[in-house]
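>
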Amino acid sequence: MARSDHHHAASPIHRGRPHPPRLSVLDWLSYGGEMSTLARTFNWTGTPLGAPDRWSRSLKTVARIMFTARQPVFLWWGPRLIHLYNDSFRMMLGPRHPGAFAQPASLVWHDIWDELGPRAEVAMQGGPAADETLLLIPAANGSDQPYCLFGGTLIPDDDGRVGGLLCTNTEEMPRARLLEWEQSTRRQAERQREYLYSLLMQAPAIFVILRGSEYVIDLATPFACEMAGRRHEEVIKRSLFEVLPELERNNLRPLLDRVVSTGVPFVGKEMSLELDRHGDRGRETLCLNFLFSPLRNLEGEIDGVFVTASDVTEQVADRHRMEQLRATAEMANRAKDDFLAMLGHELRNPLAPIQTALRLIRQRGADRALREQAVIERQVQQLTHLVDDLLDVSRIARGKVALKKTRLELADVVTRAVETAGPLIEQRDHRLIVDVPSTGLVIDGDPARLSQVVSNLLTNAAKYTEPGGEIRVAGSREGGEVVLRVRDTGVGIAPQMLPRIFDLFTRVRSSVERVHEGLGLGLAIVRNLVTLHRGTVSAVSAGLGQGSEFIVKLPAAATAVPAARPITGLLGPITVKSHHARVLIVDDNEDAARMLAAALEPSGFETEVACNGPAALRLCNRFSPDIALLDIGMPIMDGYQLADAIRRMPGLEQVALVAVTGYGLQADQDRSEAAGFLRHLVKPIDIDLLTAVLEDLKSS
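Following my numbering, the numbering of the sequence shown begins with 2 at its first residue and continues without gaps.
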């Protein structure tokens with residue numbers, strides 16, 4: 002029966018497409034009685050449901066139905082089954098009100114939850130929700146009043162999952178009034194059904210009710226009709242598969258059959274459907290989230306399916322586009338790393354003959370060009386340093402840096418670093434003060450990589466300190482850490498630059514117009530190498546012109562450094578046939594090969610040069626080398642293939658193989674060792690180091 006207040010009158014059933022009412026944030030709570038008012042003024046802070054203006058559309062809709070219903074109705078919502086109820090049900094609660102409002106059902110009905118809990122769980126999972134169970138609820142006067150608790154309907158939330166259980170409660174009446182009560186209840190239920198239908202038709206969501214074995218459409222909201230591309234009169238009271246026959250090909254019927262036969266709801270995430278939405282055989286692929294819930298009649302039998310769906314086509318398409326963009330970016334990043342590695346290799350090849358030629362000029366006493374030679378040599382060293390930095394950045398970015406840790410003293414690391422950075426410090430006339438104890442600062446680390454860290458810090462200090470400045474290196478033990486400090490009297494660091502000083506390609510300006518040389522890689526390499534050693538590095542400065550200090554902290558080792566052990570060869574002793582060893586040099590860069598041969602001849606080595614694999618094999622027939630220096634990246638036959646072919650030749654099974662290459666990654670060294678190379682030298686090669694290696698192999 003409609004209420005006398007016309008503002009609260011139930012909405013009529015709309016057979017066409019309804020226009021949803023325009024409501025302010027909480028206007029939808031203005032249509033009930035006392036409980037609706039309580040909901041508007043209730044402090045929802047900290048409750049699982051939160052403030053009503055943030056409730057889902059589905060919860061708002063069913064709450065409005067409940068608050069405006071005349072018969073006793075309550076709602077359990079969400080995973081904790083939060084208890085809401087209307088005015089009529091409030092009178093049944095007796096002393097449980099108002100404490101029962103917005104509380105978990107398990108607390109409201111704690112005294113009978115052993116019975117109610119399992120029933121509620123079955124109902125929320127799609128099992129029978131209609132059940133008549135008499136519950137003794139203490140009334141306000143202390144007597145026991147029996148009520149029927151269950152008579153519920155599963156309500157889906159906006160995402161299509163089961164949101165809650167709406168229950169209609171009726172007083173237990175004497176048998177004499179039972180018939181009248183049943184008839185009244187049916188009339189009220191019919192009015193409530195019509196009201197619910199009206200509200201569902203206004204809901205801005207895809208709701209469909211299917212009935213019978215042919216899944217006849219009993220209800221379809223305007224949003225559902227729009228999604229299907231059909232008018233309301235074209236779909237109502239017709240089979241779903243008659244309206245959209247293409248759904249048969251999308252295997253929707255077996256899913257609906259399973260829900261009807263088992264009573265278990267089906268949740269489908271991002272299901273792709275091909276729909277002919279406009280009847281012109283132009284199929285579109287839509288992506289939908291589905292929830293199929295069983296519908297039960299008064300006898301508890303499943304006679305239909307409640308379908309709710311949401312169109313997520315655009316969201317899925319956006320995600321796929323983002324994934325494609327991410328894949329493209331990752332591919333570009335890998336290509337960049339590969340390019341840097343190849344660039345380093347290609348740059349090393351011309352550096353090698355230049356460096357060797359300079360050494361030959363110096364050996365031959367070309368005194369007239371000593372100044373020019375020094376300039377060229379410094380620039381070659383600088384270019385070599387830049388190439389090494391580029392390759393280190395590429396290796397670190399790809400996670401290809403493998404540390405070879407050993408126990409060592411910090412003083413040994415600093416000594417090696419000073420030897421490397423010393424020429425630049427001397428060139429700029431800096432005063433270097435080293436205050437690092439020779440023993441007592443023990444760490445576990447890679448000697449070469451830690452020396453690189455300290456060398457980069459010293460080089461950085463030298464570059465950013467005016468000639469005649471001071472650089473101080475100090476080491477100490479602080480708790481469980483070994484601390485190294487490198488301080489200079491240089492240009493300092495502006496406060497805004499400190500957070501970015503260790504980023505790639507960051508270079509400090511000492512003035513508006515001056516940026517110091519370099520690519521901005523050294524400090525980025527320092528941070529990554531220190532991090533690999535489980536340490537930290539930081540920078541402090543009082544500002545421009547105030548100098549700067551870099552602080553490296555590494556975990557201290559527990560014990561002292563063990564005694565050094567002699568280094569042995571990789572593959573056992575090599576037998577050399579004469580005092581003056583014969584050396585075969587193979588490199589597709591002819592200048593590099595001939596310069597290397599010329600540099601070795603003064604040391605008493607007999608050399609032959611070949612520029613490719615086949616030519617080298619022909620030379621071996623008459624030259625019979627003791628040692629072979631082989632470039633790896635050669636056309637026709639690479640260094641690995643050539644090494645294998647040489648060792649297969651009679652009499653050359655024990656030839657000593659040395660890799661001379663621009664590839665310097667750990668993986669490259671591991672591969673050359675596995676291929677039988679005794680040494681792996683990276684271009685440009687230090688002639689003194691090469692001579693020492695050859696002498697070592699000759700005397701082994």
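Just so you know, even glycine gets a beta-carbon here, dropped at the ideal spot from N, CA and C. Given the structure is predicted, the values throughout are model-derived calculations rather than measurements.
1) May I ask you to list the residues that DSSP assigns as paired with residue 155?
2) Suppose the cutoff is 8 angstroms on Cβ atoms and the five residues either side in sequence are ignored; what does the same chain contact list for residue 528 look like?
3) So, is residue 175 buried or exposed, given that buried needs 16 or more other C-beta atoms within 10 angstroms?
4) I need the DSSP call for residue 1, collapsed to helix, strand or coil.
5) Note the first and the last residue of the continuous beta strand (DSSP E) segment covering residue 290.
6) Which of the three DSSP states is assigned to residue 698 in this structure?
7) Going by other Cβ atoms of all chains shown within 10 Å of its Cβ, with 16 needed for buried, is residue 46 buried or exposed?
8) Which of the three DSSP states is assigned to residue 32 in this structure?
9) When burial is assigned at 16 or more other CB atoms within 10 Å of the CB, is residue 167 buried or exposed?
10) Around the C-beta of residue 431, are 16 or more other C-beta atoms found within 10 angstroms, so that it is buried, or is it exposed?
11) Output the distance between the C-alpha atoms of residue 490 and residue 690, rounded to the nearest integer angstrom.
12) If we call anything under 8 angstroms between Cβ atoms a contact, is residue 302 one with residue 290?
13) Where in the stretch 615-699 do unbroken runs of the beta strand (DSSP E), each at least 3 residues long, occur, reported from the N-terminal end onward?
14) What separation, rounded to the nearest whole angstrom, lies between the Cα atoms of residue 93 and residue 31?
15) Which first and last residues belong to the alpha helix (DSSP H) in which residue 409 is found?
16) Count the other CB atoms, across all protein chains shown, that sit within 10 Å of the CB of residue 700; report buried if there are 16 or more and exposed otherwise.
17) By DSSP's criteria, residue 475 is part of a beta bridge. Which residues make up the other side?
18) Which of helix, strand or coil does DSSP assign to residue 212?
19) Is residue 456 a contact residue of the ligand GTP, with contact defined as CB to any heavy atom under 7 angstroms?
20) Who are the near neighbours of residue 682 in its chain, counting only those whose CB is closer than 6 angstroms to its CB and skipping five residues on each side?
21) For residue 245, would you say it is in contact with chain C, using Cβ-to-Cβ distances shorter than 8 angstroms as the test?
22) What residue does the beta strand (DSSP E) around residue 309 start on, and which one ends it?
23) Any idea if residue 315 is buried or exposed, counting beta-carbon neighbours within 10 angstroms, 16 or more meaning buried?
24) Identify the continuous alpha helix (DSSP H) that holds residue 125 and give its terminal residues.
25) Tell me residue 77's beta-bridge partners as DSSP assigns them.
26) Could you tell me the alpha carbon to alpha carbon distance between residue 590 and residue 637, rounded to whole angstroms?
27) Pop quiz: residue 606 and residue 584 are said to be a contact at Cβ under 8 angstroms. What is the actual Cβ separation, rounded to whole angstroms?
28) Three-state secondary structure (DSSP) at residue 267?
29) Give me, in chain order, the residues of the same chain whose beta-carbon lies closer than 6 angstroms to that of residue 284; leave out the 5 immediate sequence neighbours on both sides.
30) With three or more C-beta pairs closer than 8 angstroms as the rule, is the stretch 481-497 touching the stretch 457-464?
31) Which residue wins for smallest C-alpha separation from residue 686, given the options 665, 407, 669?
32) Would you report the Cα separation of residue 35 and residue 84, rounded to the nearest angstrom?
Working from what's here:
1) 166
2) 503, 538
3) Because the pLDDT at residue 175 is just 44, under 50, the model does not fix this residue reliably, and the point stays unresolved.
4) Because the chain in this structure spans residues 2 to 701, residue 1 falls outside the shown range and cannot be described.
5) 285-297
6) helix
7) exposed
8) coil
9) buried
10) buried
11) 35 angstroms
12) no
13) 628-631, 657-662, 680-683
14) 23 angstroms
15) Taken as a continuous stretch (DSSP letters only), residue 409 belongs to no alpha helix (DSSP H), being part of the beta strand (DSSP E) at 407-410.
16) exposed
17) 436, 486
18) strand
19) The ligand GTP is absent from the structure shown, which contains no ligands of any kind.
20) 661
21) The structure shown contains no chain C; it is built from a single protein chain.
22) 303-312
23) exposed
24) 114-125
25) 84, 166
26) 14 angstroms
27) 5 angstroms
28) strand
29) 275, 277
30) yes
31) 665
32) 16 angstroms
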